[in-house]
Amino acid sequence: MIYADNAATTQVSQTAINAMLPYLSELYGNPSSLYEFGQKAKEALEDARARVAKCLGCEAREITFTSGGSEADNQAITSAAYAGAKKGKKHIISTAFEHHAVLHTLKKLEKEGFEVTLLDVHSTGIVTAEEVAAAIRPDTALVTIMYANNEVGTIQPIKEIGAVCREKGVPFHTDAVQAAGHLHINVAEQNIDMLSLSAHKFHGPKGVGVLYARKGTRLFNLIEGGAQERGKRAGTENVPGIVAMAAALEEACANIDKNSAHQMALREKLIDGLDKIPYSELNGNRENRLPGNVNFCFEGIEGESMLLLLDDKGICASSGSACTSGSLDPSHVLLAIGRPHEVAHGSLRLSLGEDITEEQVDYLIASVTEVVTYLRNMSPFWRDLMTGKRQHVFAE
Ligand SMILES: *Cc1c(COP(=O)(O)O)cnc(C)c1O
5 MIYADNAATT
15 QVSQTAINAM
25 LPYLSELYGN
35 PSSLYEFGQK
45 AKEALEDARA
55 RVAKCLGCEA
65 REITFTSGGS
75 EADNQAITSA
85 AYAGAKKGKK
95 HIISTAFEHH
105 AVLHTLKKLE
115 KEGFEVTLLD
125 VHSTGIVTAE
135 EVAAAIRPDT
145 ALVTIMYANN
155 EVGTIQPIKE
165 IGAVCREKGV
175 PFHTDAVQAA
185 GHLHINVAEQ
195 NIDMLSLSAH
205 KFHGPKGVGV
215 LYARKGTRLF
225 NLIEGGAQER
235 GKRAGTENVP
245 GIVAMAAALE
255 EACANIDKNS
265 AHQMALREKL
275 IDGLDKIPYS
285 ELNGNRENRL
295 PGNVNFCFEG
305 IEGESMLLLL
315 DDKGICASSG
325 SACTSGSLDP
335 SHVLLAIGRP
345 HEVAHGSLRL
355 SLGEDITEEQ
365 VDYLIASVTE
375 VVTYLRNMSP
385 FWRDLMTGKR
395 QHVFAE
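Going by the numbering used here, the first residue of the sequence shown is number 5, and it counts up by one from there.
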């Protein structure tokens, strides 16, 4: 099997498994218990917090553990919105191609009377700091822009956007779920006030994540109850998951340069190979993208059919987000970068892992080429394109 869906989730590393095992077995105490046995768990928790903070370039007390990226996004955005509203600021700036954890939170806030500006991400899949600056108003409560897009992999100018926000006194949150452990992050240097990450995107376990909030940032609770996480996130902490996350993040961050050099070389080979398929195009800027991300649109193809045929060939891949949402709408990300509906339906995302090999890339190129040709030969839509009844979107 070739697992080429690392943007969806990653395999838990042996380092992470080894780190968490003691806290699943003998060291099962509750970190809130006062006796020595509970305090052992508490120590592990605080050690993990310090190590995560070190990876991000912040202080331990600025780290809140959550159930994952979605919760961190929800809490960051809701907190900044409510803090802003108290000062009469009810305007939020984001982009059209955020993850649904962000977009759906913004939708909810709109129903509560907030006004949301979604910036254009252009065909490149990149927003500029100048565009962010131009959108900021006196009543802007928050700018939330993802670090790297989960579908097309494009990386935003985070430091520059952060600088603009800092200068104008507007809190800046970034959903860094795809970036953490894959790109160098330093929240202090990059002017980031709040940041979300999720362990299962960098070889940690599922169901655990982090919300970094710069000191002085007011957090509102999504979950009420006990006083865990400085009273900002109730519920007994997921000690095994948190310990594993810290170990996975440390390992990933220590190997970013080595891993990304390897992934980028094979990513380029894969892009060159798929580019030879006629009437296809890479989605998003080629240079400024996650080391393992390849995302193509093929004319005259249904993404879902392609995934099933690739599955038969032992390839795990993804197509837009239509399958996950259970709807037939094409991916909002591909529409946001200007892909027309008919080609947005024919998208394929291959997100390579750190251990991807050249032979696997050769197999991916051969398999995708074969599947695209096969599906096109059966497609009445493709026949219309070839007989000139329909116009091509892409050049041959
Ligand atoms: C996966 C992902 C999330 C959601 O994280 P979970 O831990 O699965 O809740 C949020 N944002 C982005 C960009 C993601 O890729």
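Even glycine gets a Cβ: it sits at the ideal position worked out from N, Cα and C.
Each of Ala183, Ile140, Ala145 was checked against the Cα of Asn153, and the nearest Cα belongs to Ala183. For the 8 Å CB-CB criterion, Lys93 and Ala145 form a contact.
Taking a 10 Å sphere around the C-beta of Gln15, we find fewer than 16 other C-beta atoms and assign the residue as exposed. Between Arg353 and Ile305, the CB-CB gap reaches or exceeds 8 Å. Collapsing the DSSP output to three states places Leu122 in a strand. About 6 Å separates the beta carbons of Thr70 and Arg237, which is inside the 8 Å limit, making them a contact pair. Taking C-beta separations shorter than 6 Å and ignoring five residues to either side along the sequence, the partners of Gly277 in its chain run Ile369, following chain order.
The three-state secondary structure of His204, taken from DSSP, is helix. The C-alpha of Ile67 lies about 13 Å from the C-alpha of Gln79.
Using a C-beta cut-off of 8 Å, the stretch 52-61 makes contact with the stretch 240-253, since at least three inter-stretch Cβ pairs fall below that distance.
Leaving aside the five residues that flank Glu135 on each side, the residues in its chain whose CB is nearer than 6 Å to its CB run, in chain order, Leu123. Remark: C-beta atoms of Lys163 and Asn195 approach each other more closely than 8 Å. For Gly208, the Cβ stays outside the 7 Å cut-off from all heavy atoms of ligand 1.
Ligand 1 has a heavy atom closer than 7 Å to the beta-carbon of Asp77. Rounded to the nearest whole angstrom, the CA to CA distance from Asp261 to Gly185 is 11 Å.
Tyr32 sits in coil when the DSSP states are folded into three classes, being neither helix nor strand. Per DSSP, the continuous beta strand (DSSP E) segment holding Val298 begins and ends at 297-302. The beta-carbon distance between Ser83 and Phe224, rounded to whole angstroms, is 5 Å. This is short enough to meet the 8 Å contact definition. Three or more beta-carbon pairs separated by less than 8 Å link the stretch 342-351 to the stretch 292-305, which places the two stretches in contact.
Taking 8 Å as the cut-off, the beta carbon of Asn297 is found no closer than this to the beta carbon of Ala85. Glu102 and Ala269 have their C-alpha atoms roughly 27 Å apart.
Closest in alpha carbon position to Ser202, among Gly73, Leu339, Asp359, Glu346, is Gly73.
For Val337, the closest alpha carbon among the candidates Asp51, Glu75, Thr158, Ala45 is that of Thr158.
Residue pairing for Gly213: DSSP places it in a beta bridge opposite Thr70, Ser202.
Restricting attention to His396, Asn263, Ile246, the CA atom closest to the CA of His345 is found in His396. Closest in alpha carbon position to Ile275, among Ala265, Leu60, Glu291, Ser264, is Glu291.
Look at Gln182: its beta carbon is less than 7 Å from one of the heavy atoms in ligand 1. Closest option to Asp179, judged by alpha-carbon separation, among Pro161, Gly220, Asp77, Phe41: Asp77.
CA-to-CA, the gap between Leu107 and Met198 works out to about 17 Å.
A heavy atom of ligand 1 is found nearer than 7 Å to the CB of Ser202. Bridge partners of Arg218 according to DSSP: none are assigned. Residue nearest to Leu356 within the set Glu193, Val347, Pro295, Asp333 is Pro295 (criterion: CA-CA distance).
For the stretch 100-154, the full-length beta strand (DSSP E) segments reaching 3 residues or more read 119-123, 144-148 along the chain. Between the C-alpha atoms of Ile81 and Trp386 there is a straight-line separation of about 44 Å. Here Pro384 is exposed. Its C-beta has fewer than 16 other C-beta atoms within 10 Å.
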